[in-house]
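Residue numbers (the working numbering): -8 to 333.
Even for Gly, the Cβ is constructed at its ideal location relative to N, Cα and C.
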Amino acid sequence: MEHRYLGASGLRVPVLSFGTGTFGGEGDFFKAWGQTDVAGARRLLDVAIDAGVNLFDSADIYSNGAAESILGEAIKGRPRDSLLISTKATFRFGEGENEVGSSRYHLIRSVDAALKRLGTDYIDLFQLHGFDARTPIEETLSTLDDLVRAGKLRYLGVSNFSGWHLMKSLAVAQRYGWSRYVAHQAYYSLIGRDYEWELMPLALDQGVGAVVWSPLGWGRLTGKIRRGQPLPETSRLHVTGDMGPPVQDEYLYKVVDALDEVAQETGKTIPQIALNWLLQRPTVATVVIGARNEEQLKQNLGAVGWNLTAEQVARLDAASATAKAYPYWHQSGFGERNPSPV
């Protein structure tokens, strides 16, 4: 398993990490993702660890805390220092007025509750799940810095931030000498390349590693979704299709056609090719893979140990290219002074 530095930090992470959104299955949304119990989670962790994957990502809202609890049970008996645990908080987790956001009140409560559910004394990577425009950035960052100094958090990251959200936060952290964000858990896939427009150049400039979520385009790049064919009965898109990144059907089919060509040349599966393409993009530190079962996990693990050729990457780039929003389309016309990050 290849390892990379997480942004401008000294932490080395595997290029593939395992996401626990399929653990628990509480509520219709997460039930559609998966319903892995403790026994199933232990088996999936065995497979992942045997392949060199030791970074496991969760969040408090995954199955209302059940995913963290199941992960905590699954890591019992394993050497804690051989594992990297990441989780997230910010979104509403309770009915009270203060059970949401990145306030000092909510963050301290969220971290303490996550530590209890995970059964650990510290979290290796803690990420804000979204930006809280209602709370001063100084309050959020000073609280996170306190939690780092207390030994409860090792590294900090964010998720789903806009460019200015992240840049302002980094500037505030630098001004006061507080712990800075070294990771951005962002959506990025062959059918969702908006990350490249602003967030990737920012990450290159500021040393922020991408932790990629939904690398298979919200379950659309499994190889099972084809032009002229109905959704497979087992697809979670029946329930979650309208809740994730929007994708036009014809655009999806165009990308899948290109993936099919590369699959025939390489003998690899469509998911493996889509994941391998991501691993060759700038700033990508780790790609979060998920699996409802052992077969899916093993297939995704086959994305490493080989590389697409430059010509194959170029073909996939061309097939997945889209018109950029302003000002990015304008900036792309001045590559001499504003070069593309890829």
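Taking C-alpha positions only, Ala309 is separated from Val91 by approximately 41 Å.
Under the DSSP assignment, His175 falls outside any alpha helix (DSSP H), being part of the beta strand (DSSP E) whose first and last residues are Tyr172 to Tyr178. The Cβ atoms of Ser54 and Phe117 do not sit closer than 8 Å to each other. Ala(-1) and Gln197 have their alpha carbons spaced roughly 8 Å apart. Taking C-beta atoms as the reference points, Phe84 and Phe47 fail to come closer than 8 Å. Straight across, the Cα-Cα distance linking Leu250 with Asn151 is about 27 Å. The DSSP-derived three-state label of Lys79 is strand. For the options Ile99, Ile128, Glu241 and Ile261, the alpha carbon positioned closest to that of Tyr172 is the one of Ile128. Pairing Glu189 with Leu35, the inter-Cα distance amounts to about 35 Å.
Annotation: Arg33 to Leu207 spans about 24 Å, alpha carbon to alpha carbon. If one requires a minimum length of 4 residues, the alpha helix (DSSP H) runs lying completely within the segment 41 to 93 are 57 to 65, in chain order. Counted as a single uninterrupted DSSP element, the beta strand (DSSP E) harbouring Gln118 occupies residues Ile114 to Leu119.
Between the segment 75 to 82 and the segment 93 to 106, the count of C-beta pairs closer than 8 Å reaches three or more; the two stretches touch.
Scanning its chain for C-beta atoms nearer than 8 Å, with the 5 sequence neighbours on each side dropped, one finds around Gln322 the residues Asn329, in chain order.
Here Gly168 is exposed. Its C-beta has fewer than 16 other C-beta atoms within 10 Å. For a cut-off of 8 Å, the C-beta gap from Arg283 to Thr11 is around 12 Å, too long to register as a contact. Each of Ala254, Ala39 and Glu88 was checked against the Cα of Thr300, and the nearest Cα belongs to Ala254. Within the same chain, Ile182, Leu228, Val238 and Leu243 come within 8 Å of Arg211 by CB-CB distance, once the 5 residues on both sides are set aside. Looking at the DSSP output, Leu147 sits in a beta bridge with Phe117 and Tyr172.
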